[in-house]
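So in my numbering, the last one in the sequence shown is 451, and the numbering has no gaps at all.
Just so it is clear, CB atoms sit at the ideal spot from N, CA and C, and this is done for glycine as well.
See structure below.
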Amino acid sequence: MKEEKEELVHFDSFYDKERIQGSKAILVGVFRSHEEEPIAKDHLDELELLAKTHRIPVVERFCTIIRDFSPATFLSAGKVDMLQEKILETGANLIIFDDEISPVQQRNLERHFKLPVMDRTEVILGVFADRAKTKEAKLQIELAQMNYLSPRLKRMWLHLSRQHGGGGGAGGGGYLRGKGEKQIEMDRRMIKRRLEHLQAELKTISEYRHTQRRKRERNAIPVFAIIGYTNAGKSTLLNRLTSANVLVEDMLFATLDTTTRHFALPNHQKVLLTDTVGFIRKLPHLLVAAFKSTLEEAIEADVLIHLIDSSHPLALEQAKTTFEVLEELHAKEHPIITAINKCDLAESVPGQKAIIQKLRLSYPRSVQLSALTGEGLSDLFGQMIDVIKDWRKRIFVKIPQSEYHLMATVIREGNIFSKEYDGNAILVDVELPLIYAEQLSPYIVGAKDEH
Ligand SMILES: Nc1nc2c(ncn2[C@@H]2O[C@H](COP(=O)(O)OP(=O)(O)OP(=O)(O)O)[C@@H](O)[C@H]2O)c(=O)[nH]1
Ligand SMILES: [Mg+2]
1 MKEEKEELVH FDSFYDKERI QGSKAILVGV FRSHEEEPIA KDHLDELELL
51 AKTHRIPVVE RFCTIIRDFS PATFLSAGKV DMLQEKILET GANLIIFDDE
101 ISPVQQRNLE RHFKLPVMDR TEVILGVFAD RAKTKEAKLQ IELAQMNYLS
151 PRLKRMWLHL SRQHGGGGGA GGGGYLRGKG EKQIEMDRRM IKRRLEHLQA
201 ELKTISEYRH TQRRKRERNA IPVFAIIGYT NAGKSTLLNR LTSANVLVED
251 MLFATLDTTT RHFALPNHQK VLLTDTVGFI RKLPHLLVAA FKSTLEEAIE
301 ADVLIHLIDS SHPLALEQAK TTFEVLEELH AKEHPIITAI NKCDLAESVP
351 GQKAIIQKLR LSYPRSVQLS ALTGEGLSDL FGQMIDVIKD WRKRIFVKIP
401 QSEYHLMATV IREGNIFSKE YDGNAILVDV ELPLIYAEQL SPYIVGAKDE
451 H
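Okay, structure coming up:
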């Protein structure tokens with residue numbers, strides 16, 4: 001056991017301390033044609049935000065057109081030289097690619113530049129690792145990291161032995177010394193054991209969640225999951241509607257854990273609202289896989305509220321990304337309400353009006369709102385009521401005096417249109433969730449749909 005612990009130490013250091021401490025990064029983005037250039041630049045803006053969130057300052061960007069990709073180094077030889085010049089000019093000591101690069105490319109580039117090389121995936125993994133608070137989130141991120149590291153062990157050993165002068169003695173200690181292949185084998189076995197352990201623990205947690213959800217199904221409360229790109233305002237909306245007090249910040253991945261709260265719509269219908277982890281462009285597949293159990297909250301909701309930051313220049317692309325992730329989660333068939341958020345900001349930003357128009361045309365059930373100011377919320381409620389209208393039934397019942405206790409349910413769960421006495425009985429015209437309408441069915445004296 002002790003041995004396993006010791007071995008794990010260098011995975012932590014690989015991620016946080018050894019690799020990025022004191023780093024000054026240069027970001028690398030590529031585009032295939034000049035029309036793609038502005039998009040590549042926006043992608044680098046996002047990568048810079050991710051890097052900063054992971055406490056890596058950015059000193060330079062290298063955004064270049066590329067026609068031929070090299071299988072060995074991703075960039076062609078000429079571009080590698082140009083990048084080298086920029087590195088010398090700026091003193092950058094960490095290279096971050098916006099594109100996914102293979103373990104082999106990463107290793108070759110590190111050898112060439114004699115600097116650590118990361119890609120967007122690794123930065124996202126780092127951000128998630130920083131943010132993870134709950135046991136489940138920590139397990140999930142560790143699972144993703146292990147899967148990411150596994151094919152990269154060789155590179156990591158190279159990197160560490162270089163840092164420690166190849167002679168050992170410093171920091172990580174003697175066990176870095178020339179153990180090479182044998183150590184890699186040991187690490188592989190250790191990772192495999194650890195992966196099995198993590199998967200087993202996550203399975204237990206996921207089964208518990210499942211039981212919780214089944215309980216909820218019995219209550220027949222419709223569940224709305226607020227989903228969308230990171231920083232779209234999901235937690236702001238949940239906080240606005242309930243007193244959830246979820247952390248809201250102008251940063252990526254403020255939320256990693258799911259929060260569910262009760263909310264009563266204006267027609268008194270009770271629903272559950274769930275806020276969950278945001279999506280991002282190139283959300284690593286292994287993160288989607290690892291966070292599956294958290295994301296299942298979204299998948300198993302009855303309705304999705306897809307929130308879009310309409311003040312963002314890439315709002316359309318972000319919305320598309322969300323759909324791609326939903327597809328990967330097999331959750332595209334849910335009814336979806338598209339909530340075009342931050343309209344308080346967007347309306348004053350040139351060019352955003354056209355984007356909002358496109359969003360409204362692309363997504364049928366759409367509303368414009370501001371989770372911050374509350375503007376447009378009533379439109380959202382209207383859509384929410386409409387999408388679950390079949391969950392409720394309007395009935396006209398005559399409740400005898402001996403069954404007056406049923407009135408408590410009627411008042412608590414129903415939207416009452418009229419109530420009057422008929423002798424000792426009470427006549428009520430009420431709309432209720434199906435489950436309660438069924439309980440009252442012996443007392444129905446006629447449906448009042450015609451009202
Ligand atoms: N102006 C404006 N700002 C908003 C609105 N909604 C959210 N914000 C801001 O956008 C930022 C992100 O909000 P969050 O609610 O944390 O976003 P999120 O979607 O939960 O983000 P992650 O949890 O990081 O994925 C915060 O600074 C909010 O104050 C809005 O309608 N208008
Ligand atoms: Mg959030």
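- [ ] Look up S418 in the DSSP assignment and give the residues it is bridged to.
- [x] D429
Open item on the list: Does the contact criterion of 3 or more C-beta pairs under 8 Å hold for the segment 265 to 273 versus the segment 102 to 118?
Closed with: no
- [ ] Over the uninterrupted alpha helix (DSSP H) stretch that includes F253, give me the two end residues.
- [x] Run containing F253: none; DSSP gives neither H nor E here.
- [ ] Determine, using beta carbons only, whether L252 and L49 come nearer to each other than 8 Å.
- [x] yes
Open item on the list: Taking the alpha carbon of S23 as the reference point, which residue from D386, N93 and R194 has its own alpha carbon closest?
Closed with: N93
Open item on the list: If I measure Cβ to Cβ from K398 and keep anything under 6 Å in the same chain, skipping five residues before and after, which residues do I get?
Closed with: A425, L427, Y443 and V445
Task: Residue from V58, P103, Q439 and F417 whose Cα sits closest to the Cα of E431 - done: F417
Task: According to DSSP, residues forming a beta bridge with A339 - done: L307 and V367
Task: N-terminal and C-terminal residue of the alpha helix (DSSP H) that D45 is part of - done: E37 to T53
Task: Counted within 10 angstroms of its Cβ, other Cβ atoms place Q84 as buried (16 or more) or exposed - done: exposed
- [ ] Within its chain, find whatever has a CB closer than 7 Å to the CB of G166; leave out the 5 residues flanking it on each side and keep chain order.
- [x] With a pLDDT of 43 at G166, under the threshold of 50, the modelled position of this residue cannot be trusted, and the question is left open.
Task: Closer than 7 Å: V248 CB and nearest ligand 1 heavy atom - done: yes
Task: Exposed unless 16 or more other CB atoms sit within 10 angstroms - verdict on R412 - done: exposed
Open item on the list: Judging by CA-CA distance, which residue of N147, N108 and H112 is the nearest neighbour of E122?
Closed with: N147
Open item on the list: Less than 6 Å between C-beta atoms, sequence neighbours within five positions excluded: which residues of the same chain meet that for L143?
Closed with: L198 and A290
TODO: Leaving aside the five residues before and after L326 along the sequence, list all residues of the same chain whose C-beta is less than 7 Å from its C-beta, in chain order.
DONE: K332
- [ ] Measure the C-alpha to C-alpha separation of F113 and R152 and round it to an integer number of angstroms.
- [x] 18 Å
TODO: Return the CA-CA distance between K320 and D68, expressed in angstroms with no decimal places.
DONE: 27 Å
Open item on the list: According to DSSP, K393 sits in a beta bridge with which residue or residues?
Closed with: L432
Task: Assigned secondary structure, D98 (DSSP; H/G/I helix, E/B strand, else coil) - done: coil
TODO: Identify, in the order they occur along the chain, each residue of the same chain with its Cβ nearer than 6 Å to the Cβ of I337, setting aside the five sequence neighbours on each side.
DONE: I305, R365 and Q383
TODO: Look at the Cβ atom of A232, then the Cβ atom of L329, and state whether they are nearer than 8 Å.
DONE: no
Open item on the list: Quick check: the segment 309 to 323 against the segment 340 to 350, are at least 3 beta-carbon pairs closer than 8 Å?
Closed with: yes
TODO: State the start and end residues of the unbroken alpha helix (DSSP H) segment that holds F381.
DONE: L377 to V387
Open item on the list: With distance defined between alpha-carbon atoms, name the residue in S150, Y421 and E403 nearest to E185.
Closed with: S150
TODO: Taking only heavy atoms of ligand 1 into account, decide whether any of them is closer than 7 Å to the Cβ of G278.
DONE: yes
- [ ] Enumerate in chain order the residues of its own chain whose CB-to-CB distance from T236 is below 7 Å, with the five nearest sequence positions on each side excluded.
- [x] V248, A371 and L372
Task: Cα-Cα separation between T230 and R107, rounded to whole angstroms - done: 31 Å
TODO: Could you tell me whether any non-hydrogen atom of ligand 2 is closer than 7 Å to the CB of D422?
DONE: no
Open item on the list: As a quick exercise: from Q439, R281 and G278, pick the residue whose alpha carbon is nearest that of H405.
Closed with: Q439
Open item on the list: Let me make sure I understand the geometry here. Which of L238, E403 and G414 has the alpha-carbon closest to that of W391?
Closed with: G414
Open item on the list: Which same chain residues end up closer than 8 Å to T242 when comparing Cβ atoms and leaving out the 5 residues on each side of it in sequence?
Closed with: R261, H262, F263 and L273
- [ ] Pick helix, strand or coil for A232, following the three-state DSSP scheme.
- [x] coil
- [ ] Taking only heavy atoms of ligand 1 into account, decide whether any of them is closer than 7 Å to the Cβ of D99.
- [x] no
TODO: Identify every run of the alpha helix (DSSP H) within the segment 76 to 157, keeping only runs that are complete inside it and at least 4 residues long; order them along the chain.
DONE: 77 to 90, 103 to 113, 120 to 131 and 135 to 149
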